[in-house]
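The numbering of the sequence shown is full-length UniProt numbering, which starts it at 1 and goes up by one. Glycine included, every Cβ here is placed at the ideal spot set by N, Cα and C. Here's the structure, in structure tokens; my notes come after.
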Amino acid sequence: MATIVLLEALPGTLYNTRCTKLPITPTTPIWASTTEMLLVAKARLKYLVIACIATIPVLYFILYQALPDTFSSVVSSKGSLKGRPGGKDGAQHATPSLAKVNDSHPISGLIEDAYARFSRLVGKRSWSLAHAAARYRELRGRHPPPGFDKWFEAAQSHGAIIVEEFFNRIHHDINPFWGADPQEMRHQARAIPHAIRVRNGKIAHFKDDDADPPRKDRLELWEKLVQDMLPHLPDLDIPVNLLDEPRVLVPWEDIARNTAKEQTSRHLFPPNEAVAEHTSFLDIDTDPLQPFDPEWIDDRHKYWDYVSRACPPNSPARKVQPIDPANPIDDVFPTIQNMSYMVHGGFIGNFTQAQDPCLQPHLRGMHGTFVEAFSMVTSTKLFPFFSGSKLPINNELLIPDAMYLSSETRYSGGTKHGGSWAEKKNGLVWRGTASGGRNQENNWWHYQRHRFVQMLNGSAITLVQGGDAGAGPTFNLKATGLYNVSAPPEGQLGPWVGEWSDVGFNRLDCWPERHDWLGRLRLDCPYTDPFFALVASKPMAEQYNYKFLPDIDGNSVSARWRGFLLSTSCPLKATVYAEWHDDRLMPWLHFVPFDNTFMDIYAIMDYFLGGHDAEGQRIAEEGHDWASKVLRREDMMLYMWRLLLEYARVLDPQRDRLGFVDDLTTFAST
1 MATIVLLEAL PGTLYNTRCT KLPITPTTPI WASTTEMLLV AKARLKYLVI
51 ACIATIPVLY FILYQALPDT FSSVVSSKGS LKGRPGGKDG AQHATPSLAK
101 VNDSHPISGL IEDAYARFSR LVGKRSWSLA HAAARYRELR GRHPPPGFDK
151 WFEAAQSHGA IIVEEFFNRI HHDINPFWGA DPQEMRHQAR AIPHAIRVRN
201 GKIAHFKDDD ADPPRKDRLE LWEKLVQDML PHLPDLDIPV NLLDEPRVLV
251 PWEDIARNTA KEQTSRHLFP PNEAVAEHTS FLDIDTDPLQ PFDPEWIDDR
301 HKYWDYVSRA CPPNSPARKV QPIDPANPID DVFPTIQNMS YMVHGGFIGN
351 FTQAQDPCLQ PHLRGMHGTF VEAFSMVTST KLFPFFSGSK LPINNELLIP
401 DAMYLSSETR YSGGTKHGGS WAEKKNGLVW RGTASGGRNQ ENNWWHYQRH
451 RFVQMLNGSA ITLVQGGDAG AGPTFNLKAT GLYNVSAPPE GQLGPWVGEW
501 SDVGFNRLDC WPERHDWLGR LRLDCPYTDP FFALVASKPM AEQYNYKFLP
551 DIDGNSVSAR WRGFLLSTSC PLKATVYAEW HDDRLMPWLH FVPFDNTFMD
601 IYAIMDYFLG GHDAEGQRIA EEGHDWASKV LRREDMMLYM WRLLLEYARV
651 LDPQRDRLGF VDDLTTFAST
């Protein structure tokens with residue numbers, strides 16, 4: 001954490017003329033008298049003042065020579081729409097600005113507010129089982145589930161930071177299931193073929209399970225995580241989503257009704273009424289398997305219809321219709337005035353709201369999930385289903401994404417997470433494929449990754465500013481013009497972006513997919529080739545050499561996010577997807593949030609490059625240090641363990657009396 005060093009002499013400490021602390025040793029001169037010490041100090045002060053005055057002209061000359069020639073190269077307003085790909089388009093020679101920090105900037109206020117809120121949050125940390133259980137009852141209105149003591153003991157043994165608010169997501173997800181029949185949910189979970197089965201403290205496999213499911217690697221990674229807690233779990237069936245996209249989307253009215261039932265079921269019953277043993281699964285395993293049909297809906301073209309029904313009745317999403325994908329992007333680009341989660345200055349003040357499509361009807365034409373997802377198969381029924389990510393309105397139970405558990409360097413970046421801030425290139429880097437859904441010739445300009453790459457290409461921006469609107473069909477510069485971006489002169493946004501941006505696709509996905517004569521997936525795409533030049537891939541270890549690492553959605557959540565947070569670079573995030581760790585990360589402290597329209601990205605980079613380099617370093621270091629403490633494999637295991645304790649209780653026929661109360665009975669007997 002960044003600290004302010006006060007140059008105040010401590011008792012028993014001496015300082016030299018550079019204010020460097022000198023320890024007192026046998027050879028350190030100790031003055032015989034106060035008078036002698038004052039005379040010597042006066043003489044030294046005289047020479048120090050003379051030396052400082054003599055240094056000023058030299059320092060001025062050095063700083064003058066170091067100032068960057070900001071716009072020494074100007075991109076021509078004519079030429080290829082592809083621009084200069086990769087590193088040739090920037091992030092190689094940009095120099096941090098030496099401008100004075102402007103503390104009145106809205107982002108400075110957001111950073112300081114994040115520090116204050118985070119300090120209050122971690123101040124609630126539980127150091128004992130009694131305190132953890134008391135905080136649970138305070139926030140949840142019921143006793144902790146059976147096994148809570150073993151879970152907390154494991155958390156302590158792993159050095160985990162336990163703050164009850166870190167687990168708010170679990171209760172947000174699990175609460176609607178208190179309004180469903182527990183026995184019926186047990187049968188539903190048993191009938192779904194892709195599941196982790198726990199029986200008698202071991203992983204079990206049933207003959208009716210799918211022996212070769214899609215993305216079997218995900219199932220195996222989750223199974224390995226569950227292995228770490230197996231001795232402490234009751235019998236369970238844990239159905240998991242093996243697709244990229246979330247799959248359960250229940251109408252708002254149904255969820256509201258179930259959540260109301262959960263509220264009324266809260267009860268801190270007397271400890272002597274508590275039950276600690278779960279109901280057996282014997283009847284589930286011995287009875288004939290009862291089929292369950294989730295009634296999957298494969299209609300990705302109308303996904304927004306189902307999204308809007310999952311939103312509150314008075315939300316903006318309920319008041320709009322799906323868009324025609326052939327329409328231009330200008331038809332849906334919003335203004336800051338329509339975005340309530342943006343604070344003064346147009347920057348994200350509420351990251352949770354910034355992820356919520358219910359508040360952002362423009363996303364139906366600006367994000368591939370809502371335009372045409374890649375593999376969207378949806379159910380409007382509520383049933384137990386676990387997923388690595390979801391929209392805020394989906395009804396899966398969130399667990400850590402399987403790829404966060406993988407050791408593959410394309411997700412983790414390896415064991416090294418980058419060098420010091422001063423050694424990094426003063427720019428932004430992004431590499432990826434043109435994923436995000438089934439982009440086609442008549443809709444590709446509505447997809448988020450295509451927009452991001454075009455908006456961070458200096459040449460494309462220059463062409464649009466020069467009057468060639470067709471060069472940038474994915475974005476609208478009028479919206480970005482609402483921000484006060486001070487660095488580039490009038491009409492020079494493109495050259496300025498080109499100085500610090502190193503962004504590009506290494507594969508252009510098409511739909512239908514195209515293959516060469518050997519059956520290999522082609523990297524190019526005929527209808528987007530005129531707009532994008534393919535660039536070489538850049539391993540995450542190389543990306544860590546840049547100061548700023550943006551992360552945006554693909555088909556769903558990006559599996560690189562945890563690696564970015566663990567890096568020594570400053571991570572930036574735009575997403576519509578919720579994840580398990582959201583309640584333990586603080587925007588503007590551990591990462592920089594930016595909007596899914598990307599209209600704020602120029603102003604954000606203007607802030608950090610224009611005199612706030614220290615703030616970027618501060619976020620990079622805070623994010624790295626905190627992620628190293630709360631995003632470990634052990635933390636993911638503890639989160640899933642805690643979720644499974646809640647899940648086991650809500651699926652138990654005697655759930656209204658299941659609870660951990662040993663802390664209360666022990667206290668009463670002493």
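- Runs of alpha helix (DSSP H) lying entirely within the segment 247-291, each at least 4 residues, in chain order: 252-265, 282-286
- With distances taken from CA atoms, which of Val-250, Gly-437, Trp-222 is nearest Asp-244? Gly-437
- Coarse secondary structure for Ser-628, derived from DSSP in three states: helix
- Task: Taking only the alpha-carbon atoms, compute the straight-line gap between Gly-498 and Thr-335 and give it to the nearest angstrom.
- Result: 25 angstroms
- Are the C-beta of Asn-200 and some C-beta of chain B separated by less than 8 angstroms? Looking for chain B here will not work: only one protein chain is present.
- Query: According to the neighbour-count rule (16 or more other Cβ atoms, all chains shown, within 10 Å of its Cβ), is Leu-7 buried or exposed?
  - Reply: Bear in mind that a pLDDT of 29 at Leu-7, under 50, signals an unreliable position, so the model cannot answer this.
- Task: Tell me, to the nearest whole angstrom, how far the beta carbon of Val-592 is from that of Leu-572; I am working on the premise that it is less than 8 angstroms.
- Result: 4 angstroms
- Query: Straight-line CA distance for Met-586 to Thr-568?
  - Reply: 17 angstroms
- Go ahead and label Asn-241 buried or exposed: buried means 16 or more other beta carbons lie within 10 angstroms of its beta carbon, across all protein chains shown. buried
- Query: Pro-571 lies in the alpha helix (DSSP H); which residues open and close that run?
  - Reply: Per DSSP, Pro-571 belongs to no alpha helix (DSSP H); it is in the beta strand (DSSP E), 570-574.
- Query: Looking at the structure shown, is Asn-338 part of a helix, part of a strand, or coil, going by DSSP?
  - Reply: helix
- Query: Which class does Asn-327 belong to by DSSP, given the choice of helix, strand or coil?
  - Reply: coil
- Message: What would DSSP say about Trp-430, mapped onto helix, strand or coil?
- Response: strand
- Counting only runs of 4+ residues fully inside the segment 468-508, write out the alpha helix (DSSP H) ranges in chain order. 477-480, 493-500
- Message: Helix, strand or coil, according to DSSP, for Val-343 in the structure here?
- Response: coil
- Message: Checking 8 angstroms against the spacing of the C-beta atoms, do Val-429 and Lys-302 come in under that value?
- Response: no
- Task: Using beta-carbon positions only, say whether Phe-166 and Asp-583 come within less than 8 angstroms of one another.
- Result: yes
- Query: For Asp-237, does the three-state DSSP call read helix, strand or coil?
  - Reply: strand
- Message: Check whether the segment 519-532 and the segment 540-556 are in contact - that is, three or more C-beta pairs closer than 8 angstroms.
- Response: no
- Own chain residues within Cβ distance below 6 angstroms of Glu-441, not counting five before or after: Tyr-527
- So what's His-515 in DSSP terms, helix, strand or just coil? strand
- Message: Give me the DSSP bridge partner(s) of Cys-198.
- Response: Residue identity differs from the one stated: residue 198 is Val in this sequence, not Cys. The partner list for Val-198 (beta bridge, DSSP) reads Ile-203, Leu-236.
- Query: Leaving out five residues before and five after Phe-564 in sequence, what residues of the same chain have Cβ atoms less than 7 angstroms from its Cβ?
  - Reply: Leu-549, Asp-551, Pro-571
- Message: Please state the DSSP three-state secondary structure of Phe-608.
- Response: helix
- Pick helix, strand or coil for Lys-390, following the three-state DSSP scheme. strand
- Query: Buried or exposed: Phe-206, going by 16 or more other Cβ atoms within 10 Å of its Cβ?
  - Reply: exposed
- Query: Between His-172 and Leu-268, is the Cβ-Cβ spacing less than 8 angstroms?
  - Reply: no
- Task: Assign Pro-473 to one of two classes, buried (16 or more other C-beta atoms within 10 Å of its C-beta) or exposed (fewer than that).
- Result: buried
- Query: Out of curiosity, what's the CA-to-CA distance linking Glu-423 and Gln-617?
  - Reply: 12 angstroms
- Among Tyr-306, Asp-149, Pro-214, Asp-606, the one whose alpha carbon lies nearest that of Pro-394: The question names Pro, but residue 394 is Asn in the sequence shown. Ranking Tyr-306, Asp-149, Pro-214, Asp-606 by Cα distance to Asn-394 puts Tyr-306 first.
- Does the segment 323-335 touch the segment 348-365, meaning 3 or more C-beta pairs lie closer than 8 angstroms? yes
- Query: Can you tell me the Cα-Cα spacing of Trp-445 and Asp-516, whole angstroms?
  - Reply: 25 angstroms
- Query: Buried or exposed: Gln-492, going by 16 or more other Cβ atoms within 10 Å of its Cβ?
  - Reply: buried
- Query: What first and last residue would you give for the beta strand (DSSP E) that runs through Ile-552?
  - Reply: 546-552
- Straight-line CA distance for Thr-236 to Asp-181? Contrary to the premise, residue 236 reads as Leu rather than Thr in this sequence. Approximately 16 angstroms between the Cα atoms of the pair.
- Query: Taking the alpha helix (DSSP H) that Ser-308 falls in, what are its first and last residues?
  - Reply: 303-309
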